[in-house]
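Following: one structure in structure tokens, then a few remarks.
2 protein chains.
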Amino acid sequence: MRFWGWGTDGHDEPLPAGALELLRRELGDAAADATPRPPVALEDVRLPAATLTDQARAALVAAVGEAHVRDDHATRVLHAAGKSYPDLVRLRAGTVPSAPDAVVYPGDHDEVAAVLAACAEHGVAAVPFGGGTSVVGGVEALRGPDHAAVVTVDLARLSFVREVDARSQLATVGAGTTGPEVERLLAEHGLTLGHYPQSFEFSTLGGWVATRSAGQASTGYGRIDDLVAGLRVATPSGTIATSAVPGTAAGPDLRELLVGSEGTLGVITEVTVRVRPRPTTARYEVWALPDLAAGIETLRELRQAGIAPAVSRLSDEEETRLQLAMAGDSSTAKIGRAYLAARGRAHGCTLTLGFEGGADGVADQRARVHPVVRHHGGVALGSRAGEKWRDGRFHGPYLRDELLTRRVLVDTLETATTWGDLLDLYRAVGAAIRRALRDRGTPPLVMCHVSHVYATGASLYFTFVAAQEDGAELEQWHAVKAAAGDAIAAAGGTITHHHAIGRDHAPWLGAEVGPLGLDLLRAAKARLDPTGVLNPGKLVDAGPLPGAG
Amino acid sequence: MRFWGWGTDGHDEPLPAGALELLRRELGDAAADATPRPPVALEDVRLPAATLTDQARAALVAAVGEAHVRDDHATRVLHAAGKSYPDLVRLRAGTVPSAPDAVVYPGDHDEVAAVLAACAEHGVAAVPFGGGTSVVGGVEALRGPDHAAVVTVDLARLSFVREVDARSQLATVGAGTTGPEVERLLAEHGLTLGHYPQSFEFSTLGGWVATRSAGQASTGYGRIDDLVAGLRVATPSGTIATSAVPGTAAGPDLRELLVGSEGTLGVITEVTVRVRPRPTTARYEVWALPDLAAGIETLRELRQAGIAPAVSRLSDEEETRLQLAMAGDSSTAKIGRAYLAARGRAHGCTLTLGFEGGADGVADQRARVHPVVRHHGGVALGSRAGEKWRDGRFHGPYLRDELLTRRVLVDTLETATTWGDLLDLYRAVGAAIRRALRDRGTPPLVMCHVSHVYATGASLYFTFVAAQEDGAELEQWHAVKAAAGDAIAAAGGTITHHHAIGRDHAPWLGAEVGPLGLDLLRAAKARLDPTGVLNPGKLVDAGPLPGAG
């Protein structure tokens with residue numbers, strides 16, 4: 001990936017026609033005059049001097065071989081941070097506060113273990129790195145107060161699928177395998193994992209598991225935590241592996257302590273995942289619903305009846321309005337706008353439903369779902385818009401790059417709560433985001449969708465867009481991030497539904513798990529990583545956010 | 001419950017007519033002549049002298065009130081042990097190796113916390129106690145090497161349902177609420193939990209959660225670990241509560257560290273559970289299948305298609321043969337025997353399917369399930385046998401009492417593995433049980449059923465019956481338990497699918513989670529229970545089994 005944004009060079013995704021004009025119109029004067037600000041060149045990124053000792057480097061070379069320890073400028077820049085808004089703001093400006101002194105590429109589980117042993121012996125912090133797509137600072141190359149050097153452990157070479165047991169719907173997959181590779185290799189066996197986060201093209205299975213990822217089709221296939229049957233993890237204290245038995249009462253579930261541990265307890269090297277036969281039929285369609293509340297009730301009813309489609313995604317009124325405004329002159333957009341116009345444009349939400357499975361199963365599921373949607377006032381807008389959503393499902397991050405060049409702040413954050421509390425949480429977080437940015441003179445657009453539904457509740461995914469505060473981009477981001485995080489904690493939502501904690505959500509983890517919960521996580525870390533080499537400054541180790549004070 | 005067995009006095013469950021003759025015929029001479037051996041009277045049970053100091057007792061009284069600290073003989077006997085085979089052998093003989101010095105009955109979460117604080121301060125071990133139905137020694141009143149006294153913390157007063165959120169399908173329930181009370185209180189809201197372990201009449205929600213229980217309908221409703229949304233736990237280091245959000249990426253899942261912790265990390269006081277509308281229709285039916293392998297393939301196909309009935313229970317050939325032999329002259333038994341006779345009695349398995357839900361849903365599900373069963377050679381035996389199974393679903397433990405009086409060893413053990421390994425595990429464990437008992441001159445009957453099915457595998461539940469070795473009942477039990485445990489570990493099954501670890505499975509936990517896994521559990525315990533007052537000798541704290549050397 002290019003260091004300053006998403007995708008590879010030459011893979012640009014231009015803003016839809018008219019989008020920029022729309023944003024200027026909506027965001028007001030501040031955005032209207034911004035001249036484009038492209039990222040600096042790679043060679044102009046200033047890195048801290050490398051501090052790895054010769055002895056430490058020699059130990060790493062002994063672990064993985066000379067060819068797999070790299071410390072050239074480009075490699076260090078590409079592993080300095082992830083893809084969060086503050087990461088990109090800093091990378092585009094060529095000023096990164098930290099970078100790995102070297103990047104090591106172990107080739108198997110034992111080499112990962114050897115790297116960790118070398119790090120522990122030489123006092124070098126180790127940052128596990130899959131696709132590097134964290135949007136919460138999870139892969140930022142922090143060394144912490146106790147280590148004089150930091151290396152990134154890139155798991156790209158752990159890319160494989162083996163031990164496929166189709167009868168048991170299980171496969172063992174290397175942690176460094178990217179989304180497309182997972183699906184390509186499983187497809188050879190007629191199988192799928194069905195995990196499609198927006199980062200799918202670049203992120204890895206190990207990263208998904210380490211961050212408790214949810215995919216766009218997780219309502220159907222389950223979150224990654226539902227799909228993990230067993231794990232193999234290298235830690236500075238040895239290897240820990242969990243059994244892939246289907247059900248057990250053999251004490252606490254250590255798998256669930258390792259899933260979501262974000263590289264702070266160990267490095268996941270292999271995952272035994274639950275797989276399924278590849279779907280032969282996919283049908284994506286869009287419906288219009290009278291308002292967000294009606295859409296939420298629709299999703300609740302579908303999920304509690306056990307018939308929610310694999311993709312079940314409800315845009316709020318604002319997201320619907322802006323999507324239709326940007327959708328140009330397609331027939332779906334026209335129908336949608338007509339629908340809204342008939343309602344005075346004050347209301348109206350779109351619901352995207354993606355059915356996947358065998359032909360009979362999809363037909364049967366649609367026949368059960370449609371009456372429920374209609375009962376709540378749903379009007380079919382057809383499948384063309386659904387297919388379009390599916391085709392563009394991974395495009396969001398590309399657009400972000402273009403907006404950043406146009407000096408537009410764009411970020412997302414997500415939470416979840418019970419059905420009973422969902423609308424209250426929705427209002428509280430939206431209000432906090434709007435207030436924080438309005439108070440800084442950059443009133444935002446705030447959109448939201450519900451994209452993961454459970455029997456007991458659902459997620460909320462907010463996107464907000466505002467004119468950048470020139471010269472105070474990080475302070476502006478910090479203000480809105482802090483306001484939203486506080487609002488989520490106050491309303492009892494989770495601080496993150498699928499982006500993980502990393503560095504950017506760490507200040508709120510204590511509110512969610514309590515002080516004793518934090519201590520319990522620290523006790524686990526002390527046992528597995530007694531010298532604290534693994535991913536300092538993340539998860540239980542909250543420091544100040546970028547742009548703070 | 002009566003101290004020496006199951007149920008209340010006057011609630012006897014006589015053996016089916018002819019059962020005893022059948023067992024004598026099958027088990028041979030050793031069982032033929034056994035004269036009945038009734039349990040001793042309560043007053044004849046010999047207890048160790050109580051060792052609680054006056055200061056410690058005063059601290060407990062301060063925590064819960066004088067009326068809720070009891071140390072009379074009957075109370076101590078009733079809390080001395082659970083309901084495992086070695087427990088009952090010893091209780092019936094009036095010789096219990098350990099008993100609580102007192103039993104305390106806290107009335108709410110804060111009183112539980114106060115009890116634990118008093119225990120920690122005065123060096124008194126504390127054994128959490130729900131229904132007392134553990135079959136793995138989980139509630140045996142062990143004090144461990146570091147404590148001079150032990151009290152049992154009986155949670156019977158924590159019996160309530162509150163904060164029912166029907167929209168979110170969530171309810172908060174007291175840990176001491178028994179199965180019938182859970183269902184009675186939820187029924188007032190039109191809801192059900194759907195958790196029916198064989199111990200249902202006496203066991204409690206807190207006990208289910210602490211032991212990762214599975215119910216007889218868990219294929220439909222999910223294991224208790226699937227049904228727990230949030231927890232509140234009192235520990236000697238403070239309270240830990242987990243949020244009931246439906247999905248989160250906020251780090252490791254601490255809930256899953258507390259579920260299955262068997263009272264060694266804390267005392268569960270409240271559980272927020274997932275609930276559902278009560279089913280309006282239930283249809284239980286029995287099918288005959290050609291053999292175990294065909295039945296397993298049937299269950300696998302049903303589960304992987306997402307249509308397995310709530311109760312999906314497959315008896316192996318031996319269990320089928322014995323059940324039909326004992327079923328007398330019912331029409332189902334006649335049909336079943338005719339089916340077996342036509343196959344030379346060498347093969348044939350019964351499959352019990354229990355459908356629950358709305359009338360339409362049940363009809364629809366049956367219409368999907370039946371062709372699959374028929375495809376694998378299934379022949380319908382009708383619903384009468386299914387209803388009979390349902391009516392007697394909690395009766396097993398009552399029969400055990402009668403067999404013990406008749407000097408018959410009867411015990412059960414359970415495991416689980418992937419579909420791919422299931423038949424190998426079945427053969428290995430069955431062979432180990434048979435060999436161990438044959439080697440002692442008491443050849444057994446060994447039956448098995450598959451009763452919990454998952455997409456990736458299933459459970460195996462073995463029942464074995466043999467003539468008791470007079471005067472060496474515990475040594476005999478130890479021989480077969482050790483042989484079965486070793487066979488399970490060698491074959492990669494879990495040492496327990498739903499009975500938990502307790503004391504009796506602790507020697508095999510290390511084989512399942514590895515030495516570092518054990519250390520991780522010990523680190524969690526050291527943080528939450530630094531002086532080790534909670535349930536010594538259980539889970540991570542393996543001692544010798546009853547009857548060992």
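Residue numbers (UniProt numbering), protein chains in the order written: chain A, 1 to 549; chain B, 1 to 549. Just so it is clear, CB atoms sit at the ideal spot from N, CA and C, and this is done for glycine as well.
Proximity below 8 Å, CB of residue 175 of chain A to CB of residue 235 of chain A: no
Within 8 Å of chain A by C-beta, residues of the region 381 to 410 of chain B in sequence order: none
Listing by chain order, which chain B residues have their CB less than 8 Å from the CB of residue 261 of chain A? 251 and 252
Taking contact to mean at least 3 C-beta pairs separated by less than 8 Å, is the region 183 to 202 of chain B in contact with the region 446 to 461 of chain A? Counting Cβ pairs under 8 Å, fewer than three are found: no touch.
Counting only Cβ-Cβ distances shorter than 9 Å, please list the residues of the region 472 to 493 of chain A near chain B, keeping chain order. 492 and 493
Helix, strand or coil at residue 105 of chain B according to DSSP, with G and I counted as helix: coil
Taking the continuous alpha helix (DSSP H) assigned at residue 401 of chain B, which residues delimit it? 396 to 405
Proximity test, Cβ basis, 8 Å: residue 165 of chain A and chain B: yes
Extent of the continuous beta strand (DSSP E) to which residue 456 of chain A belongs: Here residue 456 of chain A belongs to no beta strand (DSSP E), and DSSP marks it neither H nor E.
Simplified DSSP assignment, three categories, for residue 196 of chain B: Coil, per DSSP.
Does residue 277 of chain B come out as helix, strand or coil in the three-state DSSP assignment? Strand.
I'd like to check one pair, residue 238 of chain B with residue 516 of chain A: are the Cβ atoms closer than 8 Å? At the C-beta level, residue 516 of chain A and residue 238 of chain B come within 8 Å of one another.
Any idea which residues DSSP pairs residue 414 of chain A with across the strands? A:461
My output table needs one value for residue 320 of chain B: the three-state DSSP class, helix, strand or coil. Residue 320 of chain B falls in the helix class under three-state DSSP.
Threshold first: 4 residues or longer. Then list the alpha helix (DSSP H) segments lying entirely within the region 134 to 222 of chain B, N to C. 179 to 187, 205 to 210 and 218 to 221
For residue 454 of chain B, go through chain A and note every residue whose CB falls closer than 8 Å to its CB, in chain order. 246 and 247
Between residue 497 of chain B and chain A, is the shortest Cβ-Cβ distance under 8 Å, so that the two count as touching? True, the Cβ-Cβ gap to chain A drops below 8 Å.
Under 9 Å from the C-beta of residue 545 of chain A: neighbouring residues of chain B: Here the premise fails: no neighbours, minimum Cβ distance about 16 Å.
On a Cα-Cα basis, can you pick out the residue from B:352, B:170 and B:413 that is closest to residue 392 of chain B? B:352
Cα separation between residue 385 of chain A and residue 22 of chain A? 21 Å
Among residues of its own chain, excluding the 5 on either side of residue 284 of chain B, which ones have a beta-carbon nearer than 8 Å to its beta-carbon? 311, 352, 353, 354, 355, 383, 386, 387, 389 and 390
With 8 Å as the threshold, decide whether the Cβ of residue 551 of chain B is near any Cβ in chain A. Coverage of chain B is limited to positions 1 through 549, which leaves residue 551 of chain B absent and any answer about it impossible.
Taking 8 Å as the threshold, find out whether the region 222 to 229 of chain A comes into contact with the region 314 to 326 of chain A through three or more Cβ pairs. Output reads no: the region 314 to 326 of chain A does not touch the region 222 to 229 of chain A.
Please work out which residues of its chain come closer than 6 Å, Cβ to Cβ, to residue 561 of chain A, disregarding the five sequence neighbours upstream and downstream, and give them in chain order. In the structure displayed, chain A extends from 1 to 549; residue 561 of chain A sits before or after that span and is not available.
Less than 8 Å between the C-beta atoms of residue 429 of chain B and residue 488 of chain B, yes or no? Cβ distance < 8 Å, so residue 429 of chain B and residue 488 of chain B count as in contact.
The alpha helix (DSSP H) enclosing residue 58 of chain A, as first and last residue numbers: 54 to 64
With a floor of 4 residues, list each alpha helix (DSSP H) that falls wholly inside the region 221 to 273 of chain A, ordered by position along the chain. Taking only runs of at least 4 residues, the alpha helix (DSSP H) segments lying wholly in the region 221 to 273 of chain A are 224 to 227 and 255 to 258.
Residue 4 of chain A and residue 70 of chain A look like a contact to me (Cβ under 8 Å); what is the Cβ gap, rounded to whole Å? Their Cβ separation, rounded to whole angstroms, is 20 Å, which puts residue 4 of chain A and residue 70 of chain A out of contact at 8 Å.
By the 10 Å Cβ neighbour count, where 16 or more other Cβ atoms means buried, how is residue 125 of chain A classified, buried or exposed? buried
Skipping 5 residues on each side, what residues in its chain have a beta carbon closer than 7 Å to that of residue 453 of chain B? 219, 299, 303, 308 and 312
For a cutoff of 8 Å on Cβ pairs, would you count residue 512 of chain A as touching chain B? At least one chain B Cβ lies under 8 Å of residue 512 of chain A.
Status (buried if at least 16 other CB within 10 Å, exposed otherwise) for residue 216 of chain B: buried
When the Cα atoms are used, what is the spatial distance from residue 244 of chain A to residue 495 of chain B? If you draw a straight line from the Cα of residue 244 of chain A to the Cα of residue 495 of chain B, it is about 13 Å long.
Measure the alpha-carbon distance for residue 528 of chain B versus residue 528 of chain A and round it to whole angstroms. 17 Å
Where the beta strand (DSSP E) through residue 313 of chain A begins and ends: 311 to 315
What does residue 274 of chain A touch in chain B if you count any residue whose Cβ is under 9 Å from its own? 455 and 456
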